[in-house]
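Start counting at 1 in the sequence shown, then tack on 814, and there's your number in my numbering.
For glycine and all other residues, C-beta sits at the position ideal for the given N, C-alpha and C.
Keep in mind it's a predicted model, so treat the numbers as computed, not measured.
What follows is a short report on a single structure.
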Amino acid sequence: MLYSIERWERMSRFQQWAHTYAKFPTFVRLLLIVFVIVTSFGVAIHQLETETFPNVIDGIWWAIVTTSTVGYGDFVPQTLLGRALAAGLILFGIAFFTIFVTNLAQTAVTTRNMFHKGELEYKKEGHYIVIGWNERTKKVISQLIKKQNVHIVLIDKSLEGNPISEKKVHFIKGSSLNDDTLKKANIAHARTVIISADHDLGENQADSHSILTLIAAKALNPSVYSIVEMLTPEQVKNARRAGADEVIETSNLSSLAMLNCTKYHGMTEVIGRLLEVETRDRLVYKYVPDEFFQKTFAEISYFMAKNDDFVVGLIRNQEFLFHPLPSTKLIKGDQMVVIDR
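Laid out in structure tokens, this is it:
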């Protein structure tokens, strides 16, 4: 009875091991088989011919060289049993090694094709997710890589392959409304998500699609910083209610630019230069140094001017104060809006 219980426990452990082994990818299973074959034949040849193979390492080295068909000839079996063992290694070892190498090459080709077609999931963290491929997002991705040196995951359902050859851009093909697509982009560990409006849809439909995408992204990662492009002013509040950290109202920006140009010709060039990340004079945020707390806006403006920077205003409690009174006291948490030179 005791023997039966022990036998049953051994069989149970073997079944558990076999079940775990079956879960491994084919590549890993073949690697384990080759490892077992090489190790076993290496130990066996050492036991059979101790003088020719003084230690186990020499035996394993001979098995590796033989299995890989390199055949350096530095170790050669001398006895009949040793040569018979070598024949067995050639028959079984080379066969499994060939299958292993073939599978490795096939896996590499499959992985490359999956990467190009947008079927391969992204596993790194701290990346930016850009949703939608168009001229706007093309420039955003280019500048993010060039200026901030970050990794980008591009999600788009219309593209057939990755439109950018840059290694830091990972393409995912699929709908941004689908949880599986967002999970493939590793939304749970993303730093920022940028949702571009789909101009192939009507304005209202495009905004609804962007808001639904935002809801899906925030559900999977509530802490991700979200930037959403809206085409209609009516949907801006809904985007903020859905959790947008920042809303870009495209129609409003365009309308204001057009309106100003009717009176002040060339104003778009001025605005564009202030926003252009590659120019010398551009708008940026800078934190107020600790030593300036409780000092005045006039003092910090004078200090920054000595460094060739012009302070436009302050960001306080997420509210923009455009060129406040010179006597305005600075408090902890204030940020300056500066034309950085």
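Give the straight-line distance between the Cα atoms of residue i and residue j, rounded to the nearest whole angstrom.
{"i": "Lys1119", "j": "Thr995", "result": "Just to set this straight, residue 1119 is Ala in the shown sequence, not Lys. Approximately 48 Å between the Cα atoms of the pair."}
{"i": "Glu1105", "j": "Ser1115", "result": "14 Å"}
{"i": "Val1061", "j": "Ile847", "result": "56 Å"}
{"i": "Ile1025", "j": "Ala1056", "result": "7 Å"}
{"i": "Thr1006", "j": "Gln1019", "result": "24 Å"}
{"i": "Arg926", "j": "Ser979", "result": "12 Å"}
{"i": "Pro868", "j": "Ile913", "result": "31 Å"}
{"i": "Gln1149", "j": "Tyr1078", "result": "30 Å"}
{"i": "Phe1136", "j": "Lys998", "result": "42 Å"}
{"i": "Asn948", "j": "Leu968", "result": "11 Å"}
{"i": "Ala1004", "j": "Glu939", "result": "6 Å"}
{"i": "Asp888", "j": "Gln920", "result": "32 Å"}
{"i": "Glu974", "j": "Glu1133", "result": "43 Å"}
{"i": "Ser1068", "j": "Asn1131", "result": "27 Å"}
{"i": "Lys1109", "j": "Gly1080", "result": "38 Å"}
{"i": "Phe929", "j": "Ser972", "result": "16 Å"}
{"i": "Leu1073", "j": "Phe1117", "result": "35 Å"}
{"i": "Gln957", "j": "Glu1113", "result": "34 Å"}
Let me confirm a value: residue i is counted as buried when at least 16 other C-beta atoms fall within 10 Å, else exposed. Which label applies?
{"i": "Ala901", "result": "exposed"}
{"i": "Asn1000", "result": "buried"}
{"i": "Ser1040", "result": "buried"}
{"i": "Leu1139", "result": "exposed"}
{"i": "Ile1145", "result": "exposed"}
{"i": "Ala877", "result": "buried"}
{"i": "His965", "result": "buried"}
{"i": "Gln962", "result": "exposed"}
{"i": "Tyr942", "result": "buried"}
{"i": "Lys953", "result": "exposed"}
{"i": "Val1152", "result": "buried"}
{"i": "Tyr835", "result": "Here Tyr835 scores only 48 on pLDDT, less than 50, and its place in the model is too uncertain to base an answer on."}
{"i": "Lys987", "result": "buried"}
{"i": "Ile955", "result": "buried"}
{"i": "Ala1058", "result": "buried"}
{"i": "Val1102", "result": "buried"}
{"i": "Thr881", "result": "buried"}
{"i": "Thr1076", "result": "exposed"}
{"i": "Phe1124", "result": "exposed"}
{"i": "Leu1128", "result": "buried"}
{"i": "Asp993", "result": "exposed"}
Report the CB separation of residue i from residue j in whole angstroms; it is logged as a contact under 8 Å.
{"i": "Pro1047", "j": "Asn1066", "result": "6 Å"}
{"i": "Val1042", "j": "Leu1028", "result": "6 Å"}
{"i": "Ala1033", "j": "Leu991", "result": "Contact flag wrong, Cβ pair sits at about 11 Å."}
{"i": "Ile959", "j": "Lys982", "result": "5 Å"}
{"i": "Ile874", "j": "Thr853", "result": "6 Å"}
{"i": "Phe1111", "j": "Thr1142", "result": "4 Å"}
{"i": "Leu899", "j": "Phe849", "result": "The pair is not a contact, with the Cβ atoms about 18 Å apart (cut-off 8 Å)."}
{"i": "Tyr936", "j": "His984", "result": "5 Å"}
Relative to the C-alpha of residue i, which residue among the options is closest?
{"i": "Ile945", "options": "Ala1011, Gly873, Glu863", "result": "Ala1011"}
{"i": "Leu862", "options": "Pro891, Tyr942, Glu1113, Gly1147", "result": "Pro891"}
{"i": "Tyr1099", "options": "Thr1082, Thr1142, Gly1147", "result": "Gly1147"}
{"i": "Ala1053", "options": "Asp1021, Thr1076, Lys982", "result": "Asp1021"}
{"i": "Glu1063", "options": "Met1044, Gln1049, Asn1074", "result": "Met1044"}
{"i": "Ala858", "options": "Ile1153, Val842, Gly896", "result": "Gly896"}
{"i": "Thr883", "options": "Thr864, Phe1117, Leu903, Gln1108", "result": "Leu903"}
{"i": "Asn976", "options": "Glu935, Phe1107, Lys931", "result": "Lys931"}
{"i": "Asp1154", "options": "Val1126, Ala1004, Thr853, Glu974", "result": "Val1126"}
{"i": "Ala1002", "options": "His1013, Val1038, Leu973", "result": "Val1038"}
{"i": "Gly907", "options": "Met1081, Ile851, Thr866", "result": "Ile851"}
{"i": "Thr951", "options": "Thr866, Glu1113, Asp1122, His1013", "result": "His1013"}
{"i": "Asp1122", "options": "Arg1130, Arg1096, Ser1068, Arg1087", "result": "Arg1096"}
{"i": "Val797", "options": "Leu845, Gly1016, Glu1017", "result": "Outside the modelled stretch of the chain, which goes from 815 to 1155, sits residue 797, for which no answer is possible."}
{"i": "Glu933", "options": "Asp970, Phe910, Glu1113", "result": "Asp970"}
{"i": "Phe910", "options": "Val1084, Glu1113, Arg843, Ile871", "result": "Arg843"}
{"i": "Ser989", "options": "Glu1017, His1023, Thr1082, Tyr886", "result": "His1023"}
Tell me the DSSP bridge mates of residue i?
{"i": "Val884", "result": "For Val884, which the question treats as bridged, DSSP gives no partner whatsoever."}
{"i": "Ile1008", "result": "Val944, Ile1041"}
{"i": "Phe1134", "result": "Ile1129"}
{"i": "Arg1096", "result": "Asp1154"}
{"i": "Thr1110", "result": "Lys1143"}
{"i": "Glu1063", "result": "Met1044"}
{"i": "His984", "result": "Val967"}
{"i": "Phe1124", "result": "Ile1153"}
{"i": "Tyr1078", "result": "Per DSSP, none; premise fails for Tyr1078."}
{"i": "Tyr1101", "result": "Gln1149"}
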